[in-house]
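Note that the working numbering numbers the sequence shown so that position 18 is 143, with each residue one more than the last.
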Amino acid sequence: MTYTNLQAHPLPMDKPAPSEIIDEIKGYRWLMTDTERAHISQMLNVDTSDITIRGNIMAQDRACCKGCGKHSGLDDLIHNALYAGIHTKRFMLDVLTNGPKGPSPPHELICSRCLEKYEGAFLWIPTMPWF
């Protein structure tokens, strides 16, 4: 199922490094790729150097899109929130600079490349700062 109210970004993306498992919290560290960082900076209209975090910590491993093979990433979270009108660019840049503002409800995640829904629900772990 695709979501036509979002804008597709058919960009080539690097394959991310495997997620680092954080046993003590049962979480996964998603390391941001260079192309993921570039995609985020393009969406937020900032320089890539303005996005200083190296990645984020999620409750589940990255998923692979069944539509196009893209791995889920922070760029998909930004894409979904921005183009669905949920958060502003300023708010999201603040989160990327200073970390999440609170607990995360489970999110359906839509692939920013082909608009196919990833399987499962995605959320970050509120007790762990992003890095």
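Positions of the beta carbon are idealized from the N, C-alpha and C atoms, including for glycine.
Asked, Found
"Which residues mark the beginning and the end of the beta strand (DSSP E) in which residue 181 is found?", "180–183"
"Alpha carbon to alpha carbon, how far is residue 192 from residue 150?", "31 Å"
"Please list, in chain order, all residues of the same chain as residue 133 whose beta carbon is under 7 Å from its beta carbon, the five residues on each side excluded.", "238, 239, 240"
"Going by C-alpha distance, which of 236, 215, 168, 230 is nearest residue 190?", "236"
"Do you know how far the Cα of residue 140 is from the Cα of residue 222?", "24 Å"
"CB residue 179 to CB residue 156, shorter than 9 Å?", "yes"
"What does a CB cutoff of less than 7 Å around residue 233 pick up in its chain, not counting 5 residues either side in sequence?", "242, 246"
"Here's the rule: buried if 16 or more other CB atoms are within 10 angstroms of the residue's CB, otherwise exposed. What is residue 213?", "exposed"
"CB-CB under 7 Å to residue 171, same chain, minus the five flanking residues each way: which ones, in chain order?", "218"
"DSSP state of residue 215, grouped into three classes?", "helix"
"Who are the Cβ neighbours of residue 195 in its own chain at under 6 Å, not counting the five residues just before and after it?", "138, 236, 238"
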